[in-house]
Every structure is written in structure tokens, then in C-alpha cells.
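Undergrad:
Numbering (the working numbering), first residue to last: 691 to 832.
Dropping the structure here:
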């Protein structure tokens with residue numbers, strides 16, 4: 691077993707995200723996860739409960755410091771016209787001291803809500819972009 695090296699622990703400072711090909715330079719945090727859809731199965735004469743896999747769903751949130759109106763412009767036009775845009779997101783987290791990264795691409799994305807206005811006196815403005823995705827591809831692993 692290799693010796694433990696604390697310098698190799700993944701750290702958020704090595705994280706990046708791209709929204710429709712544009713790097714989010716003020717990214718604060720990312721969370722994306724997949725949840726399995728399972729159905730419980732019970733049969734007569736067997737006290738056990740079994741589970742059958744039916745598929746998955748994915749969702750996540752990007753949090754950035756607000757410096758532009760890109761998401762507001764894109765989504766307000768989409769909601770007004772009824773034509774949803776094609777959106778792609780790529781996340782990447784680099785391992786310190788190596789050229790290795792963990793990268794994931796998300797597609798078939800919907801943004802079910804977006805913020806029209808959010809600000810508070812004497813504080814920076816953050817923008818949360820919650821999204822759901824239908825497909826994902828692991829592009830690179832550590």
C-alpha cells in the first residue's frame with residue numbers, strides 16, 4: 691500500500707467549471723450528484739425486500755460571484771419564448787502536484803429556476819444556478 695501523502699488530497703482550489711464552453715472564473719462551489727431510481731419488490735413466502743434498478747436522475751448547483759447577466763439573459767429569453775436552450779456543463783478538479791484531474795461532462799440540462807434579483811447591502815452578490823441533467827459522462831479519472 692502506498693504511503694499516505696496529505697499533499698495529494700483533493701482540494702476545492704483546484705476546481706473549475708465551464709457553462710456552455712465559458713469558464714466560470716468566479717466559481718465558488720459546485721455540487722452535482724446522481725440518484726438511483728429503485729423499485730421495491732416483495733414476493734409471497736419471502737420476508738426480504740428486493741430492489742430493482744429503474745434508472746437515474748441527476749441534479750446539481752453551481753455557485754458563482756455575479757459579474758454578468760449571462761444566465762439571466764439566456765433563461766429569461768427561453769422562458770418567454772418557450773424554447774429551452776441546449777446547455778452543457780463540464781466540471782474539473784485537479785489533484786495537487788500532478789497533471790491528473792477528475793472531469794465530468796453533463797448534458798440534457800434544464801434550469802428549473804433562475805434568480806431575477808438578489809443582493810444585500812455591504813455584501814458580495816452570489817448567483818446560484820440549480821440544474822438537472824439527463825446524461826453525464828466521466829471524461830477523466832484520477
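Backbone N, C-alpha and C define an ideal beta-carbon position, used for all residues, glycine too. Remember, it's a predicted structure, so these values are computed and weren't measured experimentally.
#1: With DSSP collapsed to three states, give me the class of residue 697.
#2: Taking just the CA atoms, how far does residue 733 sit from residue 701?
#3: When you compare each of 759, 736, 752, 728 to residue 708 by their alpha carbons, which one comes out closest?
#4: Please say whether residue 754 and residue 816 have beta carbons closer to each other than 8 Å?
#5: Residues in its own chain within less than 8 Å of residue 712 by CB, not counting five upstream and five downstream?
#6: With a cut-off of 8 Å on the beta carbons, I'd call residue 823 and residue 799 a contact; round off their distance for me.
#7: Within 10 Å of its beta-carbon, does residue 745 have 16 or more other beta-carbons around it, so buried, or fewer, so exposed?
#8: Between which two residues does the beta strand (DSSP E) harbouring residue 828 extend?
#9: Are the CB atoms of residue 778 and residue 704 within a distance shorter than 8 Å?
#10: Mind checking residue 806: buried by the 16 CB within 10 Å criterion, or exposed?
#11: Starting from residue 807 and walking both ways along the alpha helix (DSSP H), at which residues does that stretch end?
#12: On the premise that residue 730 lies in contact with residue 821, defined as a C-beta separation below 8 Å, what is that separation, rounded to the nearest angstrom?
#13: Looking at C-alpha atoms only, which residue of 794, 814, 796, 832 is the closest neighbour of residue 786?
TA: Taking the coordinates as given:
#1: Residue 697: helix per DSSP, three-state reduction.
#2: C-alpha separation (whole angstroms): 47 Å.
#3: It is 752 whose Cα lies nearest to the Cα of residue 708.
#4: Cβ distance < 8 Å, so residue 816 and residue 754 count as in contact.
#5: These residues qualify, in order along the chain: 760.
#6: The C-beta distance from residue 823 to residue 799 rounds to 5 Å, short enough to fall under 8 Å.
#7: Label assigned to residue 745: exposed.
#8: Here the beta strand (DSSP E) through residue 828 covers 816-830.
#9: For residue 704 and residue 778, no; Cβs fall outside 8 Å.
#10: Counting of Cβ neighbours within 10 angstroms places residue 806 among the exposed residues, the total staying below 16.
#11: For residue 807, there is no enclosing alpha helix (DSSP H), as DSSP marks it with neither H nor E.
#12: Rounded, the Cβ-Cβ distance is 29 Å, inconsistent with contact.
#13: Distances from the CA of residue 786 to each of 794, 814, 796, 832 were compared; the closest alpha carbon is that of 832.
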